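In the working numbering, the protein residues as written are 1 to 320.
A short write-up of the structure that comes next.
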Amino acid sequence: MADATIYHATVFPLRHITVPGMTIYNAIRNGIFESVAEDRLDREPLETLKWLAYEKWENQNKDLPPFQCPHCASDSATLTYDAERGPCPSCGEEILLTDMLGFHLAMAQDSAPDSIASEYIMIHETLLLFTGIRHFWENKPELLRQCLFLKDGPLAIRAQYSKLVAPIRRFIESAKDKGIEVCILGQEKSGAFFDHLALIGPSAPSPMLFVPGHNYIREEIQHRPAAGAPYGFDTNYGAKVFAKVNERHQAVLNIPTGAYNSDPAVSDLVGAARIFATLPSLLSSRYEGGLFPIELAHNIASLSTYPSAKVLAMFAEAHS
Ligand SMILES: [Zn+2]
């Protein structure tokens, strides 16, 4: 695991910093692009962003779906197929592929909220996850049948950053149509679903799988009326699954369904049979509900083995 680890670190001017000749707004826009296009990762996350944004698995040479221009705020900003940057069709100013993600919608010219950093992590994690999937897809798609991709956290992208959710769903659906189940498993270890499992888990039989639908989630978990938009329609590429494997292990899992499904059954979860057959062998004996590969990755990624001072030194070297 240590030999296979990929590290990524970046820095954004969020507080008490100015960038000569540039507004904070543009410095962060450029920083996000450069970070995704980082040479140390061979620009792979950027290639993955292009693969998802232009839906390259379809070979249809689609332009980028329109988004809000970071300069003139027109809703018709787009880039031609495969472009990483180009002029806005309305104002002619340069837009970057990463602008489609919508970070600029959360920033003012001279300041940016701290949440930019956590949203960036969320996007970068998603790009790394799909970099692995893309590599198999492009080189040996049949091997995807034997892989399980694990993500620590939900299979979801929040708020305006959710532009990648629809293409991700379309990819998984399109792979399924070609007879390839892309098995992805996310695990939530905090939040409303985790708390809800703590409530219902102890009295549930084991083994037990429960896939809550729209009404149950709205009323029993979010305590909101069920009327309104289907749960997770814009933001989630995995359905929520409550799993009690045995009396010691229960977990909140996320598994894609491909196309959106507001009330999925277990059989709608992509790769369900294989994932649930594999799950008992992944359980950690150290933590309740813990998955061993995620625990191993945590050990490697913990700050004690990758001190923040070293991160900053490497950043300074790379940009000096
Ligand atoms: Zn514009």
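We put the CB at the ideal spot given by N, CA and C, even for glycine.
All figures in this text were calculated on a predicted structure; none of them were measured in a lab.
Backbone secondary structure at residue i - three-state DSSP
i	result
N236	strand
F292	helix
I95	strand
P70	coil
V19	strand
A77	strand
P87	strand
L269	coil
L64	coil
L49	helix
Q227	The sequence given here has Ala at residue 227, not Gln. Residue state, collapsed to three classes: coil.
N215	helix
G191	coil
Q146	helix
P264	coil
A166	helix
R134	helix
H196	helix
F103	helix
T278	helix
Per DSSP, the bridge partner or partners of residue i
i	result
K151	G186
Q250	K244
L209	A243
M1	In the DSSP output, where bridge partners are listed per residue, M1 has none listed.
I255	A239
L283	L291
A156	N236
For residue i, the nearest candidate out of the options (CA to CA)
i	options	result
P65	G102, L41, C72 and R43	G102
S162	T126, E181, K56 and C88	T126
L150	L96, I255 and F194	I255
V182	P45, D110, P230 and R145	R145
D3	E317, A297 and A316	A297
D177	L143, K50 and A259	A259
P280	Q250, S262 and A265	Q250
A112	L253, S76, Y54 and F12	F12
G186	G153, T257 and A192	G153
M107	R40, F210, R15 and A192	R15
M122	Q60, G132 and A159	A159
I133	Q222, P167, I184 and G86	I184
G289	S76, R29 and K189	K189
T98	D268, V241 and L46	L46
E58	E93, A313 and F171	F171
D82	S285, I6 and K56	K56
N236	S115, Q68, M1 and R169	R169
P141	E317, R248, Q109 and G179	G179
L52	A166, H223 and D263	A166
L155	A272, R286, A117 and G238	G238
A265	N246, S115 and F210	F210
A243	G271, P230 and P207	P207
I6	I32, P225, L129 and N26	L129
R85	P293, R224, S203 and N30	N30
F39	V270, P205, A9 and A77	For the record, residue 39 in the displayed sequence is Asp; it is not Phe. Of the listed residues, the one whose Cα sits closest to D39 is A9.
M100	G271, E44, L164 and P87	L164
E247	A204, K62 and L79	A204
S74	T80, C91, P87 and N61	C91
heavy atom of ligand 3 below 6 Å from residue i C-beta
i	result
M122	Absence of ligand 3 from the depicted structure is noted, with ligand 1 being the only ligands included.
Neighbour flag for residue i against chain C, beta carbons, 7 Å
i	result
R134	In the displayed structure, chain C is absent; only one protein chain is listed.
Taking any heavy atom of ligand 1 as the mark, which residues have a C-beta closer than 5 Å to it, listed down the chain? Each of C69, H71, C72, C88, S90 and C91 has a C-beta closer than 5 Å to some heavy atom of ligand 1; these make up the full list, in chain order.
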